[in-house]
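To convert, take the position in the sequence shown, counting from 1, and add 1105; that gives the numbering used here. Where is the CB? At the ideal position from N, CA and C, for every residue including glycine. Computed from a predicted model, the values in this text were never measured in an experiment. What follows is a set of notes on a single structure, which appears directly below.
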Amino acid sequence: MTKQALLIIDVQKDYFHLGKCELVGPEEALIQINRLEILFLKRNLPILYIQHIKKNEDADFFAENSEGAELHPSLNLQKEALVITKHFPNSFLETGLDDKLQALEVGQLVIAGMMTHMCVDSTVRAAKEKGYQPIVISDATATKALCYKGQKIEASDVQMSFLAALQTFAVIDTAADFIRRSEAENSGAL
(Lines of atoms letter the chains of each structure in order from A and count residues from 1; the text may use other names and numbers.)
(Lines give C-alpha, C1' and ligand atoms only; values in the text may rest on other atoms or scores of the structure.)
Protein backbone atom coordinates (compact mmCIF):
# COMPACT_ATOMS: atom_id res chain seq x y z
CA MET A 1 0.00 0.00 0.00
CA THR A 2 1.30 3.44 -0.93
CA LYS A 3 2.23 5.59 2.07
CA GLN A 4 0.15 8.76 2.27
CA ALA A 5 0.90 12.15 3.78
CA LEU A 6 -1.49 15.00 4.48
CA LEU A 7 -0.38 18.32 3.00
CA ILE A 8 -2.14 21.33 4.55
CA ILE A 9 -1.49 24.49 2.56
CA ASP A 10 -1.57 28.04 3.94
CA VAL A 11 -4.18 27.74 6.69
CA GLN A 12 -3.11 31.10 8.05
CA LYS A 13 -4.88 33.84 9.98
CA ASP A 14 -5.01 36.37 7.11
CA TYR A 15 -7.50 34.11 5.28
CA PHE A 16 -10.02 34.20 8.14
CA HIS A 17 -12.45 36.80 9.51
CA LEU A 18 -10.77 40.21 9.87
CA GLY A 19 -7.67 38.95 8.07
CA LYS A 20 -6.07 40.89 5.24
CA CYS A 21 -7.32 38.47 2.56
CA GLU A 22 -10.57 36.93 3.82
CA LEU A 23 -11.74 33.89 1.93
CA VAL A 24 -15.24 32.50 1.59
CA GLY A 25 -15.78 29.55 3.93
CA PRO A 26 -12.35 29.09 5.52
CA GLU A 27 -13.92 28.10 8.84
CA GLU A 28 -15.91 25.30 7.20
CA ALA A 29 -12.80 24.09 5.37
CA LEU A 30 -10.84 24.14 8.64
CA ILE A 31 -13.41 21.84 10.27
CA GLN A 32 -12.76 19.28 7.52
CA ILE A 33 -9.00 19.80 7.77
CA ASN A 34 -9.21 19.07 11.49
CA ARG A 35 -11.02 15.80 10.72
CA LEU A 36 -8.23 14.85 8.32
CA GLU A 37 -5.57 15.72 10.90
CA ILE A 38 -7.24 13.41 13.42
CA LEU A 39 -7.29 10.56 10.89
CA PHE A 40 -3.63 10.99 9.93
CA LEU A 41 -2.53 11.33 13.56
CA LYS A 42 -4.49 8.19 14.47
CA ARG A 43 -2.86 6.28 11.60
CA ASN A 44 0.58 7.71 12.48
CA LEU A 45 1.00 9.12 8.97
CA PRO A 46 2.89 12.33 8.21
CA ILE A 47 1.20 15.72 8.20
CA LEU A 48 3.06 18.58 6.58
CA TYR A 49 1.99 22.18 7.05
CA ILE A 50 2.85 24.76 4.42
CA GLN A 51 3.19 28.37 5.55
CA HIS A 52 3.39 31.11 2.94
CA ILE A 53 5.54 34.08 3.95
CA LYS A 54 5.89 37.20 1.83
CA LYS A 55 9.20 38.92 2.43
CA ASN A 56 8.54 42.15 0.55
CA GLU A 57 7.90 45.17 2.76
CA ASP A 58 4.65 46.11 1.02
CA ALA A 59 3.12 42.60 1.23
CA ASP A 60 -0.66 42.72 0.91
CA PHE A 61 -1.01 39.75 3.32
CA PHE A 62 1.16 37.02 4.91
CA ALA A 63 3.81 39.65 5.65
CA GLU A 64 6.88 38.23 7.34
CA ASN A 65 6.62 38.31 11.16
CA SER A 66 2.97 39.45 11.03
CA GLU A 67 0.15 37.92 13.04
CA GLY A 68 -1.76 37.28 9.81
CA ALA A 69 1.02 35.03 8.51
CA GLU A 70 0.73 32.73 11.53
CA LEU A 71 -0.78 29.29 11.10
CA HIS A 72 -4.36 29.18 12.38
CA PRO A 73 -4.50 28.27 16.09
CA SER A 74 -7.25 25.67 15.50
CA LEU A 75 -4.88 23.42 13.56
CA ASN A 76 -3.79 20.34 15.49
CA LEU A 77 -0.10 21.20 15.34
CA GLN A 78 1.87 18.65 17.31
CA LYS A 79 5.16 19.47 19.00
CA GLU A 80 7.07 17.68 16.22
CA ALA A 81 4.94 19.15 13.39
CA LEU A 82 6.61 19.51 10.02
CA VAL A 83 6.19 23.12 8.89
CA ILE A 84 7.65 24.15 5.56
CA THR A 85 7.89 27.81 4.61
CA LYS A 86 7.29 28.83 1.02
CA HIS A 87 7.45 32.10 -0.88
CA PHE A 88 5.62 31.10 -4.07
CA PRO A 89 2.18 29.54 -4.76
CA ASN A 90 3.71 26.14 -5.63
CA SER A 91 4.62 24.44 -2.34
CA PHE A 92 7.46 22.56 -4.07
CA LEU A 93 9.19 25.62 -5.57
CA GLU A 94 12.40 26.45 -3.73
CA THR A 95 11.36 24.52 -0.61
CA GLY A 96 12.49 21.25 0.90
CA LEU A 97 9.06 19.65 0.45
CA ASP A 98 10.06 17.10 -2.19
CA ASP A 99 13.16 16.04 -0.23
CA LYS A 100 11.12 15.70 2.97
CA LEU A 101 8.47 13.58 1.23
CA GLN A 102 11.14 11.31 -0.24
CA ALA A 103 12.83 10.95 3.16
CA LEU A 104 9.45 9.99 4.65
CA GLU A 105 8.90 7.51 1.76
CA VAL A 106 5.59 9.14 0.85
CA GLY A 107 4.00 7.99 -2.39
CA GLN A 108 0.69 9.85 -2.27
CA LEU A 109 -0.34 13.32 -1.12
CA VAL A 110 -3.74 14.13 0.31
CA ILE A 111 -4.07 17.87 -0.18
CA ALA A 112 -6.17 20.42 1.69
CA GLY A 113 -5.86 24.13 2.34
CA MET A 114 -6.13 27.55 0.83
CA MET A 115 -6.59 29.16 -1.78
CA THR A 116 -8.05 26.61 -4.16
CA HIS A 117 -7.46 28.77 -7.23
CA MET A 118 -3.86 29.66 -6.41
CA CYS A 119 -1.63 27.69 -4.03
CA VAL A 120 -3.72 24.52 -3.95
CA ASP A 121 -3.97 24.53 -7.75
CA SER A 122 -0.27 25.05 -8.42
CA THR A 123 0.80 22.57 -5.74
CA VAL A 124 -1.57 19.85 -6.99
CA ARG A 125 -0.25 20.20 -10.54
CA ALA A 126 3.36 20.00 -9.31
CA ALA A 127 2.52 17.01 -7.09
CA LYS A 128 1.11 15.19 -10.12
CA GLU A 129 4.21 15.99 -12.18
CA LYS A 130 6.40 14.63 -9.37
CA GLY A 131 4.40 11.38 -9.18
CA TYR A 132 2.63 11.89 -5.83
CA GLN A 133 -0.81 10.71 -7.04
CA PRO A 134 -2.61 13.68 -5.42
CA ILE A 135 -6.02 13.50 -3.80
CA VAL A 136 -7.69 16.89 -3.24
CA ILE A 137 -10.22 17.09 -0.43
CA SER A 138 -12.69 19.52 -1.96
CA ASP A 139 -14.52 20.60 1.20
CA ALA A 140 -11.19 21.09 3.00
CA THR A 141 -10.27 23.93 0.64
CA ALA A 142 -11.44 27.51 0.32
CA THR A 143 -11.08 30.37 -2.11
CA LYS A 144 -12.51 33.84 -2.83
CA ALA A 145 -14.31 35.74 -5.54
CA LEU A 146 -12.17 36.98 -8.42
CA CYS A 147 -12.57 39.75 -10.98
CA TYR A 148 -11.62 39.69 -14.64
CA LYS A 149 -12.29 42.49 -17.13
CA GLY A 150 -14.67 44.12 -14.70
CA GLN A 151 -16.70 40.97 -14.18
CA LYS A 152 -16.94 39.39 -10.73
CA ILE A 153 -16.68 35.61 -10.54
CA GLU A 154 -18.30 34.41 -7.32
CA ALA A 155 -16.21 32.29 -4.94
CA SER A 156 -18.51 29.28 -5.44
CA ASP A 157 -17.92 29.46 -9.21
CA VAL A 158 -14.15 29.88 -8.74
CA GLN A 159 -14.13 26.87 -6.39
CA MET A 160 -16.13 24.64 -8.73
CA SER A 161 -14.14 25.68 -11.81
CA PHE A 162 -10.78 24.97 -10.25
CA LEU A 163 -11.87 21.67 -8.73
CA ALA A 164 -13.30 20.66 -12.12
CA ALA A 165 -10.00 21.51 -13.81
CA LEU A 166 -7.96 19.70 -11.16
CA GLN A 167 -9.76 16.42 -11.94
CA THR A 168 -7.18 16.04 -14.71
CA PHE A 169 -4.36 16.01 -12.15
CA ALA A 170 -5.90 14.55 -8.99
CA VAL A 171 -8.67 12.52 -7.48
CA ILE A 172 -11.22 14.96 -6.05
CA ASP A 173 -12.90 13.72 -2.89
CA THR A 174 -14.79 14.99 0.15
CA ALA A 175 -13.47 14.63 3.68
CA ALA A 176 -16.31 12.32 4.72
CA ASP A 177 -15.85 9.96 1.77
CA PHE A 178 -12.06 9.94 2.04
CA ILE A 179 -12.17 9.24 5.79
CA ARG A 180 -14.80 6.52 5.40
CA ARG A 181 -12.79 4.72 2.70
CA SER A 182 -9.53 5.16 4.57
CA GLU A 183 -10.95 3.72 7.78
CA ALA A 184 -12.54 0.82 5.89
CA GLU A 185 -9.24 0.03 4.13
CA ASN A 186 -7.31 0.26 7.37
CA SER A 187 -9.70 -2.13 9.10
CA GLY A 188 -9.67 -4.51 6.13
CA ALA A 189 -13.39 -4.03 5.47
CA LEU A 190 -12.93 -3.32 1.76
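Note to self: Looking only at its chain, what residues have a beta carbon closer than 6 Å to the beta carbon of residue 1249, apart from the 5 residues adjacent to it on each side?
What the structure shows: As a position in the sequence shown, residue 1249 is number 144, starting the count at 1. Excluding sequence neighbours, residue 1249 sits near 1128, 1129, 1260.
Next item on the list: Counting only runs of 4+ residues fully inside the segment 1112-1176, write out the alpha helix (DSSP H) ranges in chain order.
Entry: 1131-1147
Note to self: Whole angstroms are fine: how far does the CA of residue 1276 sit from the CA of residue 1166?
What the structure shows: Numbered from its first residue, the sequence shown carries residue 1166 at position 61. Numbered from its first residue, the sequence shown carries residue 1276 at position 171. For residue 1166 and residue 1276, the distance between alpha carbons rounds to 30 Å.
Check: Mind checking residue 1237: buried by the 16 CB within 10 Å criterion, or exposed?
Finding: Your numbering for residue 1237 matches position 132 in the sequence shown. By the neighbour-count rule (16 or more Cβ atoms within 10 Å), residue 1237 is buried.
Check: In terms of DSSP beta bridges, what is residue 1248 paired with?
Finding: Position 143 of the sequence shown, counted from the start, is the residue given in the question as residue 1248. Per DSSP, 1129.
Next item on the list: Confirm, please, whether the CB-CB distance from residue 1280 to residue 1226 is below 7 Å.
Entry: In the sequence shown, residue 1226 corresponds to position 121, counting from 1. In the sequence shown, residue 1280 corresponds to position 175, counting from 1. Not closer than 7 Å, so no.
Next item on the list: Give the DSSP bridge partners of residue 1108, in chain order.
Entry: For the purposes of this step, residue 1108 is taken as the residue at position 3 of the sequence shown. Note: residue 1108 sits in no beta bridge, so no partner.
Next item on the list: Give the range of the alpha helix (DSSP H) segment to which residue 1279 is assigned.
Entry: For the purposes of this step, residue 1279 is taken as residue 174 along the sequence shown, with counting starting at 1. Neither: residue 1279 is in no alpha helix (DSSP H) and is coded neither H nor E.
Margin query: Among 1212, 1194, 1205, whose alpha-carbon lies nearest the alpha-carbon of residue 1156?
Written below: Taking the sequence shown and counting its residues from 1, one reaches residue 1156 at position 51. Closest option to residue 1156, Cα to Cα, is 1194.
Item checked: CB contact flag (residue 1231, residue 1214, <7 Å) -> Working through the sequence shown from its first residue, we reach residue 1231 at position 126. Working through the sequence shown from its first residue, we reach residue 1214 at position 109. Result no, Cβ atoms of residue 1231 and residue 1214 do not sit closer than 7 Å.
Item checked: Of the listed residues 1187, 1257, 1136, 1191, nearest to residue 1205 (C-alpha basis) -> One-based indexing of the sequence shown puts residue 1205 at position 100. Among 1187, 1257, 1136, 1191, the Cα nearest to that of residue 1205 belongs to 1187.
Checklist line | Sequence-distant residues of the same chain with beta carbon closer than 6 Å to residue 1107, five excluded per side | finding: The residue you call residue 1107 lines up with position 2 of the sequence shown. Counting only Cβ-Cβ distances below 6 Å, and skipping sequence neighbours, we find 1212, 1213.
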